[in-house]
Each structure stands twice: as C-alpha cells, then as structure tokens.
Amino acid sequence: MRTRFAPSPSGPLHVGGARTALLCWAYAKAHGGSFILRIEDTDQKRSSDAACRALMQDLHWLGIEWDEGPEYDGCGGGEHGPYFASQRLDLYHRYIDILLEQGKAYRAFEGPEQLEAARATARAEKRVYRYDRAALKLDGATIQRYLDEGRPHVVRFKLPNDEPIVVRDEVRGEVTVDPKEMDDFVILKADGYPTYHLAVVIDDELMDVTHVIRGQEHLYNTPKHVLLQDALGFRRPVFAHLSLILNPDGSKMSKREKAKVARRAAKEYLKAKSVEERKAWIAELVSLDKKPKSLLTGIEAKHKHRFQDVDHNFSAREFQSFLEGDTDEPAIAHLIEDKLGIDLPEVDVQDFRLSGYLPEVLINYLALLGWSPGHDIEKFDRDFLVTHFDLDRVIKSNAKFDRAKLLAFNLDAIQAMSPNQFRELSYAHYREYHPEFVEKLSADQFDMLALSPEQFDMLAAANHSRSKTLDDTVKSSQFFIMSHDAIEYEETKGVRKALCNGDPSGYDHLAAIKPMLADLTAWTKDAIEHALNNYAQEHADGKLGKVAQPLRIAVSGTTVSPAIFETLAILGRDAVLNRIERCLSNRKLSSST
RNA sequence: GACCCCAUCGUCUAGUCAGGUCCAGGACAUCAGGUUUUCAUCCUGAAAACAGGGGUUCGAAUCCCCUUGGGGUCGCCA
233 MRTRFAPSPS
243 GPLHVGGART
253 ALLCWAYAKA
263 HGGSFILRIE
273 DTDQKRSSDA
283 ACRALMQDLH
293 WLGIEWDEGP
303 EYDGCGGGEH
313 GPYFASQRLD
323 LYHRYIDILL
333 EQGKAYRAFE
343 GPEQLEAARA
353 TARAEKRVYR
363 YDRAALKLDG
373 ATIQRYLDEG
383 RPHVVRFKLP
393 NDEPIVVRDE
403 VRGEVTVDPK
413 EMDDFVILKA
423 DGYPTYHLAV
433 VIDDELMDVT
443 HVIRGQEHLY
453 NTPKHVLLQD
463 ALGFRRPVFA
473 HLSLILNPDG
483 SKMSKREKAK
493 VARRAAKEYL
503 KAKSVEERKA
513 WIAELVSLDK
523 KPKSLLTGIE
533 AKHKHRFQDV
543 DHNFSAREFQ
553 SFLEGDTDEP
563 AIAHLIEDKL
573 GIDLPEVDVQ
583 DFRLSGYLPE
593 VLINYLALLG
603 WSPGHDIEKF
613 DRDFLVTHFD
623 LDRVIKSNAK
633 FDRAKLLAFN
643 LDAIQAMSPN
653 QFRELSYAHY
663 REYHPEFVEK
673 LSADQFDMLA
683 LSPEQFDMLA
693 AANHSRSKTL
703 DDTVKSSQFF
713 IMSHDAIEYE
723 ETKGVRKALC
733 NGDPSGYDHL
743 AAIKPMLADL
753 TAWTKDAIEH
763 ALNNYAQEHA
773 DGKLGKVAQP
783 LRIAVSGTTV
793 SPAIFETLAI
803 LGRDAVLNRI
813 ERCLSNRKLS
823 SST
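Counting the first sequence from 1 gives a position; the working numbering is that position plus 232.
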C-alpha cells in the first residue's frame with residue numbers, strides 16, 4: 233500500500249499540512265507501505281523552489297521521511313517520478329487529449345474576467361454560480377477558428393450525468409453528492425498547466441497511490457476526482473478526510489492568527505505616538521525589510537531562518553493596509569514581532585522550530601489532534617504511532633489548537649532529558665538561531681567561554697529545570713550578556729520590597745555582602761553558596777530569600793533569574809561586584825529624589 | 001445563501017460501532033493548599049461536560065428524528 237503527501241510549494245508548511253503528512257506517513261509505515269512526497273506545483277505564480285526546500289526541511293526536521301519523492305538529505309528518489317507536477321506536463325496532456333477525443337472534456341474560451349463577472353452577477357442575484365456550458369454549444373468550425381487564432385482557453389471536464397456520486401470515506405463513511413451541486417470544472421488551465429484535480433488523479437494513478445489521506449477541505453473535491461478516475465478508467469483509491477485544525481477562536485488556523493496579534497501590538501505601540509513618530513517608525517520597518525536577510529544581525533537575524541514567500545519589500549502603504557486589517561501578510565507581522573520584541577502565535581512548523589519546540593513533541597501533539605490511541609494514552613513517540621496508527625481511530629470533528637498543552641508536553645520532554653542532552657540540544661539551537669547570544673556569551677565578561685566549557689555547562693544546567701522551550705534560556709538570560717550599564721532596575725513592587733523593606737534592608741545586605749564576595753578565595757558555586765548561607769544564617773534569620781532577592785535584582789535588574797548561586801558563579805566575580813555597586817549607587821539616586 | 005460534514009468538562013479527548021459495569025475516565029488550562037532563594041518546576045486537592053427537544057427501549061452519552069450551534073466547500077488555489 234502507498235500513501236502520499238502532495239503539497240503545493242507556495243508557503244511555509246502549516247501545522248495542518250504537517251499533520252496530514254504525519255498521518256499519511258504513519259499509515260504507510262504502520263502497514264508496511266511506502267510514503268511518497270509529491271510536489272504539486274501546478275500554480276506557476278505561487279510556487280517557488282525556496283518554498284519547496286523549506287517544506288522538505290520542515291518535514292525532515294519532524295522526522296517524516298519520504299521513501300519516494302524529491303531527493304533531500306537521504307529522503308526521496310524512486311521509480312515513479314518525476315515527483316514535481318511541473319515536470320509531468322506531457323503526461324497530463326496525454327490524458328487531456330484522450331478526454332477531449334472521447335468527448336468527456338471540452339475547450340472553453342471564456343476569460344477569467346468574464347467568469348468573474350458572471351459570478352458577481354450570480355452573487356448579486358443570490359444565485360449559486362455554475363458554468364453555463366456555453367463553450368459546449370460552440371460548433372466545430374468556430375472552435376477551430378478560435379484555435380487557429382490562438383485564443384487562450386481552458387479545458388473543462390464534462391460532468392457525465394445526473395447520477396448521485398457516492399464516495400466511500402474511511403473516516404466519514406459514505407458521502408453522497410448531487411452532481412447538480414457541481415459544474416464542469418476546469419482541468420487544464422490556459423497556461424497549459426493542469427489544475428490540481430487533474431494532476432492529483434493522474435499522479436495518484438501513475439504512482440500507484442492506494443490511500444488518499446488529506447484534509448477535510450478536500451472532501452468536496454473527491455467526487456470530482458472520482459468522476460475523473462471513472463472517465464479515465466483508473467482505479468479508485470481509498471479516501472480518508474481528516475478533520476481541520478482550528479484556532480482557539482474557532483476559525484480555521486491560518487496566518488490570520490499571527491496578523492491579529494501583530495496588528496494589536498503595533499496599534500498599541502503607535503497609539504501614543506505623534507504622526508511624525510508613526511511615519512518614522514513605519515519607515516524604519518520598511519527599510520528593515522529591504523535589507524538583504526543575510527546582513528541582518530541580532531534579533532533581526534531570526535528572519536534568516538524564517539522562510540517567506542518572496543522578498544517583499546513592502547511600501548509604507550502596504551504596511552498601513554496591514555494595520556487596517558486589509559491584509560494578513562505574515563512577513564509584515566514578523567517584522568512587527570521582531571521590532572517590538574513580542575511573540576507571535578506559532579502556526580507554521582518553522583515557527584515552532586524557531587521557538588524551541590522539539591520535533592518529537594510537535595509530532596506527538598499533532599498526531600493527538602486528529603487521532604487517539606485510546607486507553608488514556610497521550611504521550612507517545614514515532615514508534616508507537618507506527619505500531620498503533622490506523623484510520624479507524626481518526627477523529628471526525630475539528631480540533632482547536634491548544635498551545636498551552638503543546639507547551640506542557642514540551643516542558644515534560646525537556647525535563648525528561650539528561651543534562652547532557654539538554655546542553656547539546658540547547659547549544660545547537662542557540663548556534664543556529666541565536667548566534668549573537670553565543671557570540672556574546674563567549675566575549676565580554678565570558679572571555680574564557682568558547683564551545684563547551686564549564687561556564688556554558690553551568691548556564692545550561694541552571695536553566696534546564698526552568699525551560700519549557702529551548703528558547704527560554706535565551707529569553708531569560710539576556711541580563712547575562714548585557715553590558716553592566718544596560719541593566720535597568722525594574723520599578724516594581726517586588727523590587728522595592730526586596731531592596732527597601734526591612735531592617736536591615738536589601739540594600740544594607742548588598743552593602744554587607746559585597747566585600748564578603750570580593751574576598752571569597754574561590755569563585756565557585758559551592759563557595760558562593762557556602763558564604764551566602766552563612767551570611768543569611770547570621771544576619772537574616774536564616775532566610776536566604778532576604779539576601780538572594782536583592783542580589784538577584786542587583787545582577788539582573790529583576791526578581792527573576794536562575795538559582796542565585798549558579799547565577800553569580802556564571803556571571804563571574806567582576807560582573808557581580810560591578811553590578812552590586814551599580815545597584816547601591818542607584819539607591820543613592822532614588823533616595824535623593 | 002446553497003450543499004456537505006461535525007457535536008462529551010474552557011480545550012484535546014476515553015467511553016458511541018456490539019445500549020446497562022458511566023450520578024461519565026484521563027490530559028492541558030483554571031482555582032485552593034504544600035515544597036522551594038525568585039521565576040519555572042514538583043506534590044496534594046477542588047471545581048468543571050454527555051448542546052436542546054422528541055422518540056425507540058425495562059434501560060441511552062451510546063440507536064433514530066428534529067432544532068440549535070460550529071466548521072468546510074462553492075477559483076484557470078491546492
């Protein structure tokens with residue numbers, strides 16, 4: 233048995249697509265069959281090589297390996313190629329000719345504008361638009377004349393009769409469709425490319441695909457495919473239509489979700505700004521977008537790893553229309569994300585990869601979102617999927633994507649790692665997606681740090697238990713790599729309480745601890761721990777919190793950091809003393825005002 | 001709007017096909033306690049659902065019908 237995933241390479245791989253691919257793969261593997269990747273690049277305008285590569289990268293990252301298809305890092309190959317629809321044009325035309333000859337299809341000369349006008353009229357009259365078969369009534373001489381003139385035209389499939397079409401679907405049972413609900417659909421476009429319907433039917437037949445597993449949005453296409461298969465004398469594969477993945481608000485999961493969040497943040501940010509400031513800000517974003525991605529640094533560097541359809545080069549006007557909600561262009565949303573330092577909801581596989589989710593966790597969660605193994609089992613790996621997956625437990629209803637649950641799964645997986653594993657994965661992640669972080673860690677106060685040394689081990693270890701994603705450390709460790717001057721002390725209740733309350737106050741403790749730390753013979757975690765514990769015992773009723781919190785604030789500016797002993801050890805003595813001093817002088821500043 | 005699909009805690013689901021063992025089980029989220037040098041973890045506990053209405057049946061979350069709600073499709077996109 234053979235399954236296939238047949239995406240169009242027109243954008244990043246969406247989690248919905250990833251799940252379809254996953255379940256196709258799992259089904260094939262569970263039944264000892266082959267899984268095929270076929271690129272359905274029949275839309276010349278929207279397809280791109282970059283998108284295709286990105287797609288394969290994402291599938292590969294997820295561990296969904298195709299036995300046949302385009303070759304990529306050990307995947308692909310096979311005897312049924314080519315695996316790009318765009319390279320199979322002659323094949324499609326062969327079948328088009330047959331259909332034409334047998335009168336099962338016909339040429340139609342209406343242009344897109346003409347059809348759109350007819351649709352608009354139908355809409356205005358509250359009618360359902362169906363193609364009126366005008367071209368079918370053309371006589372042979374006219375058709376010949378049009379062809380001689382070189383008029384652009386499409387080929388339409390002629391619906392054979394009025395018999396209801398019954399499609400057997402493995403998850404939904406029998407689905408019956410009245411042909412009156414359909415019309416003579418286009419199978420060959422004016423540019424000579426087939427439509428999806430024709431390509432998919434021919435490719436599935438020629439590639440011996442036995443099981444078609446795809447999203448529910450294709451359910452309504454199935455009768456068309458079945459009709460085509462019958463007309464061409466092809467066998468009918470088994471069909472299974474998966475339910476959809478929805479946003480938390482119930483809408484179909486899409487780029488809209490990102491746009492919504494980015495738009496809200498941008499509006500919030502721009503709210504208090506003057507017209508001039510707004511213009512300047514937008515101009516800056518526009519220029520940022522124009523920069524070649526390879527030159528971006530720092531937080532902008534994330535762009536490099538995020539595949540986007542094209543280099544857009546937005547104008548200020550396009551930006552405006554995004555803000556007004558007229559477009560949901562993800563590239564603009566990401567520009568805002570990077571500029572404002574906000575987090576957009578992940579919807580594409582690459583988003584999750586960049587956010588530091590583990591592929592095996594995403595796979596687990598995605599599988600669970602369309603299938604259930606029963607027996608209250610919900611944590612499982614690839615092998616389990618392959619041994620247990622079957623179509624009979626595929627879920628019929630749509631599911632909302634719950635990022636909180638995914639995060640919880642990711643946390644569990646990270647906590648289950650050995651310290652070594654976590655360190656290695658973290659480092660690989662930083663190097664790939666946060667090179668500036670690694671760079672700074674190895675410079676500045678950490679001049680001793682290169683690749684594996686204790687300092688980094690300590691940082692990883694100190695963050696392991698508090699990480700939900702591989703990215704968490706980067707986010708929460710910024711204070712490590714900041715220059716001392718850049719540390720700003722938060723003006724929050726917690727900070728004030730820890731620093732000012734009590735007698736002695738946090739400031740007093742800091743002042744007392746500073747010389748003690750300066751005199752420490754060895755700057756190690758154990759030595760620091762020993763000294764601070766002793767101090768707390770003698771001067772703070774044994775309450776470590778009394779000294780840990782002021783220290784934490786002094787070195788990080790906030791009340792949150794890894795465990796204090798480790799934090800100080802990683803930071804190094806000079807940095808710690810320097811920052812304590814800064815914090816203390818800040819006291820003088822605030823008390824004088 | 002037309003056609004089609006779907007319907008158990010806030011969310012994902014088990015249970016539905018073979019009606020009783022289900023005053024409905026698990027997970028995430030939430031809330032309350034506890035552990036902890038902060039955050040995050042971790043531990044304990046609580047609250048939380050068979051969409052509504054009709055049937056069928058001794059008996060229905062499970063079968064049938066209607067209503068309601070949600071989703072999909074209606075492209076020379078896939």
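For every residue, glycine included, the Cβ atom is placed at its ideal position computed from N, Cα and C.
None of these values were measured; they are calculated from a predicted model.
Using the Cα positions of residue i and residue j, report the straight-line distance between them to the nearest angstrom.
i: residue 247; j: residue 456; result: 26 Å
i: residue 360; j: residue 452; result: 16 Å
i: residue 560; j: residue 550; result: 10 Å
i: residue 702; j: residue 615; result: 24 Å
i: residue 814; j: residue 746; result: 12 Å
i: residue 240; j: residue 270; result: 9 Å
i: residue 235; j: residue 722; result: 56 Å
i: residue 737; j: residue 731; result: 6 Å
i: residue 632; j: residue 479; result: 5 Å
i: residue 579; j: residue 363; result: 36 Å
i: residue 691; j: residue 704; result: 12 Å
i: residue 256; j: residue 461; result: 21 Å
i: residue 381; j: residue 274; result: 26 Å
i: residue 314; j: residue 266; result: 16 Å
i: residue 618; j: residue 584; result: 23 Å
i: residue 471; j: residue 309; result: 25 Å
i: residue 417; j: residue 324; result: 16 Å
i: residue 338; j: residue 307; result: 40 Å
i: residue 530; j: residue 573; result: A caution first: residue 530 carries a pLDDT of 40, below 50, which makes its placement in the model unreliable, though a value can still be read off. Approximately 12 Å, taken between the alpha carbons.
i: residue 895; j: residue 262; result: What the structure shows of the chain is the stretch from 233 to 825, and residue 895 is not part of that stretch, so it cannot be assessed.
i: residue 513; j: residue 483; result: 31 Å
i: residue 669; j: residue 689; result: 15 Å
I'd like to check one pair, residue j with residue i: are the Cβ atoms closer than 8 Å?
i: residue 799; j: residue 726; result: no
i: residue 447; j: residue 252; result: yes
i: residue 243; j: residue 283; result: yes
i: residue 250; j: residue 233; result: no
i: residue 434; j: residue 389; result: no
i: residue 630; j: residue 476; result: yes
i: residue 639; j: residue 729; result: no
i: residue 752; j: residue 765; result: no
i: residue 428; j: residue 276; result: no
i: residue 591; j: residue 293; result: yes
i: residue 582; j: residue 286; result: yes
i: residue 238; j: residue 407; result: no
i: residue 742; j: residue 808; result: no
i: residue 628; j: residue 409; result: no
Between which residues of its own chain and residue i is the CB-CB distance below 8 Å, once the five residues before and five after are set aside?
i: residue 458; result: 397, 399 and 468
Take residue i and list the residues in its own chain whose beta-carbon comes closer than 7 Å to its own, dropping the five residues that flank it on each side.
i: residue 555; result: 495, 498 and 499
i: residue 345; result: none
i: residue 680; result: Per-residue confidence for residue 680 stands at a pLDDT of 42, beneath the threshold of 50, marking its modelled position as unreliable; no derived number is given.
i: residue 565; result: 490, 491, 494 and 576
Where do the ends of the alpha helix (DSSP H) carrying residue i lie?
i: residue 705; result: 704-708
i: residue 734; result: That residue, residue 734, is in no alpha helix (DSSP H); it is neither H nor E in DSSP.
i: residue 777; result: 776-788
i: residue 420; result: Looking at the DSSP string, residue 420 is not in any alpha helix (DSSP H); the run it does join, the beta strand (DSSP E), is 418-420.
i: residue 326; result: 321-333
i: residue 767; result: 757-771
i: residue 388; result: Where residue 388 is concerned, there is no enclosing alpha helix (DSSP H), although the beta strand (DSSP E) it sits in stretches over 386-389.
i: residue 571; result: 562-572
i: residue 287; result: 281-294
i: residue 348; result: 344-356
Sort out for me which residues DSSP pairs residue i with in a bridge.
i: residue 406; result: 400
i: residue 300; result: 268
i: residue 834; result: Because residue 834 is not part of the residues shown, which for the chain are 233 to 825, the question remains open.
i: residue 309; result: 301
i: residue 478; result: 484 and 632
i: residue 719; result: Residue 719 pairs with nothing; no bridge assigned.
In the DSSP assignment, find the unbroken beta strand (DSSP E) run with residue i in it and report its ends.
i: residue 451; result: Looking at the DSSP string, residue 451 is not in any beta strand (DSSP E), and its letter there is neither H nor E.
i: residue 744; result: Note, residue 744: premise wrong, no beta strand (DSSP E); alpha helix (DSSP H) at 738-751.
i: residue 474; result: 470-474
i: residue 235; result: 234-237
i: residue 338; result: 337-340
Please go through the same chain and pick out, in chain order, the residues whose beta-carbon is closer than 6 Å to the beta-carbon of residue i, but skip the five residues on each side of it.
i: residue 620; result: 605
i: residue 384; result: 422
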